[in-house]
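Below is one structure; the comments refer to it alone.
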Amino acid sequence: MVSHVFNKKLFRDLLSIKAQIFSISLVVGLGIAVFFGFTSTHQSMKDSRDKFYVDFDFADLFANVKKAPQYVANEVSDLDGVAALETRIEQDALMSIPGFIDPGVVHFVSLPDGKQPRFNKIYLNKGRLPQEFATDEVVVTENFFNAHNFELGEIFNATLNGFKRQFKIVGVGVSPEYIIALQNGSPFPDDKHFAIAWINQSVLEAAFDMQSSFNSMLIKIKGEVIEDQIKKDIDKILDKYGGIGAYGRDKQISSVYVQEELKQLKVQATTLPFIFFMVAAFILNVVISRLVNTQRAEIATLKAIGYLDRTISYYYFKVAFVIVILGTIIGILLGIWIGQSMINLYLDFYHIPVMSFSFTYQQILLSLVVALFTASIGVYASLKKIFSLQPAEAMRPPSPPSYHMGSYENNFWFQDLKMKMRMTIRSLFTFPRRSLFTGIGMSLSAVLLISGLFWSDSIDYLLLAQYSFVQKETGAIALTHALASQSVREVQRLPGVVAAEGYRLLPVKARFRNQQQNSIMRGLPKKAKLQGIINRNLEEIYLPESGIYISKILADQLGVQVGDRLSLEVLEGKKPKIELEVKKIVDSFLSNEIFTSRKMIADLMDTDDLVNTILFRSIGDNTQLYAKFKTLPSVVSITYRDSALKMFNETSAKFMLVFAFILSLFAGAIGFGVTYNNMRVTLAERDWELATLRILGFKLPEVFFTLISEVGLLFILFIPVGWLLGYLNAKWLMSKLSMDAFQLPFVLNWGTFVFSTIVLLVSSLISAVFIYKRVKNMDLVATLKSRG
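For the sequence shown, the numbering used here begins at 54 and goes up steadily by one.
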């Protein structure tokens with residue numbers, strides 16, 4: 054019987070505050086949507102990746118050499134901790150596609166003739182593997198296949214060791230090693246110009262004189278062994294064959310990208326929902342406090358006739374639980390949409406077979422528990438004060454708020470204010486907790502907006518710095534081997550080329566104290582024009598006569614500061630070692646390179662002034678130029694600046710901007726919920742006063758001003774707080790979400806603060822429109838009688 058009575062009361066109370074119930078449920082739902090959507094996406098992606106790794110035997114370690122005889126593999130196989138290994142051949146080649154002007158690059162990976170490899174097996178989306186004795190059949194990556202609208206059986210040409218060959222596409226697939234396929238030196242995929250192609254090993258052996266030899270090794274290790282020690286042992290064996298250092302999955306580029314994405318999802322899934330739930334707790338506290346105060350006498354009566362505090366408390370907790378249940382339904386449905394949308398975006402970038410969005414009941418339950426915990430905090434804080442009163446005292450009407458003169462009223466600035474503004478300020482100080490909670494809610498809305506919008510600022514700066522000030526070339530040509538610097542002039546004379554510069558790139562192992570990292574030492578020509586080094590102010594930096602500059606990414610990886618001496622081991626030729634002073638740490642956002650002069654590299658390697666990379670800038674129609682490139686036997690690959698920029702905009706930038714858009718919508722919803730509930734509670738508490746003013750002849754806008762001015766003043770006071778907290782949170786997020794492969798610069802423009810303020814202002818005005826209608830439709834007589 055008691056339960057039935059309380060349930061009827063619950064239904065009536067919920068109807069009386071239905072608009073507020075919906076707005077709070079929306080805030081709770083948005084928090085659950087972000088939490089559930091991101092955690093489910095994280096788990097879906099992780100489970101799909103792990104299953105792919107296991108089912109298709111992803112290797113644990115990788116090692117590359119210049120050329121080693123097959124018997125060397127037996128020495129590695131005998132090492133303690135090595136469970137199994139497989140050797141293969143990898144080779145880049147210049148590629149031309151019928152009907153496509155630009156030269157491309159194909160990275161050939163050998164297969165046991167006609168069979169799947171032992172490790173890093175191929176998942177075939179369509180077609181088949183090359184037949185055992187086929188010399189022209191290949192399996193290619195899906196994005197390359199789709200980028201050119203190929204059909205099975207179509208052909209492309211590639212230059213293998215100076216000889217042009219024709220290859221037929223018989224299959225489309227992906228392996229765990231190429232979930233994301235990146236050309237050497239590029240942080241972004243370029244599916245138009247780069248492909249992975251699996252081919253019978255006998256073809257590559259014949260083309261590159263690699264019979265009974267290999268240049269790549271895949272290794273599986275035994276259960277619990279020390280990976281670092283195995284890598285050192287492998288390096289000792291492979292060093293004399295041009296080994297550049299064994300590495301694990303933590304350095305394998307595709308695996309690194311996926312792992313970093315999972316890390317970012319995890320950070321976002323824990324950080325962003327926290328803001329939503331804090332706001333929900335604040336709003337719920339204000340609304341329940343108002344409900345409890347209006348029912349103060351009823352609570353006292355129930356306590357007087359014997360009802361326990363916990364029984365009455367349970368009723369108010371049920372009010373909160375209804376809000377949470379409604380919010381959970383909204384959140385789960387919205388979270389499923391977010392998760393599915395994110396997975397679809399990821400599939401354009403990460404090619405994990407059969408990856409789809411999925412969730413478990415445990416994730417739904419966890420979302421519900423988090424939301425219930427948040428609601429419980431808000432309700433408990435509301436009930437604590439009223440239940441501390443004795444029934445007799447609680448039956449009395451609450452003492453009216455004390456409107457005594459505060460110390461602030463003696464200040465000259467207060468005396469100069471108009472009466473309406475004085476009333477507003479007094480009201481804020483009379484209800485300090487509600488004012489504070491509303492202000493905090495507004496600040497957190499600004500934090501959320503800035504946390505989503507600053508990515509656009511960082512991306513814009515990166516694109517401006519990298520593709521307008523650092524990379525000014527049209528493209529870069531990689532040579533099969535280092536040539537005399539005079540070869541730059543040959544490129545300069547090609548049709549359409551207006552500038553060309555030669556660079557020398559060396560693979561090195563950089564060591565500092567107990568840290569080491571593989572890197573590229575880039576030798577620049579004097580006063581390089583096509584690819585330079587800039588500072589944060591986009592000013593060009595010239596190389597010193599001695600010492601080196603290193604990128605901030607490498608400096609962070611090694612813990613290096615300016616003035617430290619960095620040990621470098623070159624991983625080609627005679628493998629000289631040298632120790633050089635770090636003269637400057639530069640903002641190279643897309644690489645962990647080391648910068649020095651070409652002359653210093655020539656001295657280090659004890660060679661003439663050689664180049665192995667030529668940058669060029671061309672104008673007009675490049676048809677003749679690219680046709681000429683396809684005939685040059687010394688060219689092994691070409692990368693294109695504009696193509697890289699386009700792919701970045703279509704992949705990473707697109708994802709970040711979609712993420713920012715979603716957060717902007719959610720932050721606007723929070724702003725609406727905060728301001729609406731504040732004005733709704735204020736209206737309920739001051740309806741008698743407002744009705745009196747109307748009866749006395751005050752116009753509707755004048756009466757409404759006394760209500761909205763509180764929110765307006767809080768907006769002015771707390772939005773700057775939100776700016777500061779948003780700046781700090783954005784900086785923290787950037788530090789947590791940076792990748793080893795590339796780093797976005799932390800940039801936050803004033804336009805972001807202005808836009809976030811406009812969004813919150815608009816959401817506040819929308820909520821004000823709803824409150825204005827309530828004030829306009831207020832029954833003045835009934836309102837005045839309610840206090841009779």
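Where is the CB? At the ideal position from N, CA and C, for every residue including glycine.
Check	Outcome
Rounded C-alpha distance that separates His246 from Leu813	44 Å
Inter-residue spacing [alpha-carbon to alpha-carbon] between Val129 and Glu139	10 Å
Leu716 versus His95: straight-line alpha-carbon distance, rounded	18 Å
Extent of the continuous alpha helix (DSSP H) run through Val828	803-829
Met574 in three-state terms, based on DSSP	strand
Residue range of the beta strand (DSSP E) that includes Pro118	For the sequence presented, residue 118 should be read as Val rather than Pro. From DSSP, the beta strand (DSSP E) with Val118 extends over 114-122.
Sequence-distant residues of the same chain with beta carbon closer than 6 Å to Thr188, five excluded per side	Val256
Straight-line gap, Tyr124 to Thr527 (C-alpha atoms, nearest Å)	44 Å
Local conformation of Gly528 per DSSP, three classes	strand
Under the three-state DSSP convention, the category Thr836 falls into	helix
Local conformation of Thr483 per DSSP, three classes	helix
Candidates Ser788, Tyr780, Arg747, Gly775, of which the one nearest Val834 by Cα	Arg747
Exposed unless 16 or more other CB atoms sit within 10 angstroms - verdict on Glu230	buried
CB of Gln524 within 9 Å of CB of Phe642, strictly	no
CB contact flag (Leu132, Asp288, <9 Å)	no
C-beta contact flag for Val135 and Asn178 at 9 Å	no
For His160: DSSP bridge partner residues	Asp145, Ile249
Straight-line gap, Val159 to Val107 (C-alpha atoms, nearest Å)	27 Å
Whole-Å CB distance - Gln664 paired with Leu621, under 8 Å assumed	According to the sequence as given, residue 664 is Val; it is not Gln. Contact doesn't hold; Cβ gap of about 20 Å is too wide.
Segment contact flag, the segment 693-707 with the segment 589-596, C-beta cutoff 8 Å, min 3 pairs	no
Inter-residue Cα distance where the pair is Arg181 and Leu205	10 Å
Backbone CA spacing between Ser687 and Asn214 [nearest angstrom]	9 Å
Cβ neighbour criterion (16 or more within 10 Å) applied to Ser521	exposed
Cβ contact check for the segment 294-305 and the segment 108-116: 3 or more pairs under 8 Å	yes
For Ala72, the three-state DSSP class (helix, strand or coil)	helix
C-beta atoms of Leu436 and Ile341 nearer than 9 Å	yes
Beta-carbon separation (whole angstroms), Pro240 vs Tyr514, contact threshold 8 Å	Contact doesn't hold; Cβ gap of about 16 Å is too wide.
Endpoints, alpha helix (DSSP H) assigned at Tyr679	676-682
Reference Pro170; option with closest CA among Arg218, Lys119, Ser269	Ser269
Short Cβ contact (9 Å threshold) for Phe109 with Ile175	yes
As assigned by DSSP and simplified to three states, the class of Ile154	strand
Straight-line Cα distance separating His201 from Met709	26 Å
Residue from Ile638, Phe105, Leu79, Thr735 with nearest C-alpha to Gly384	Leu79
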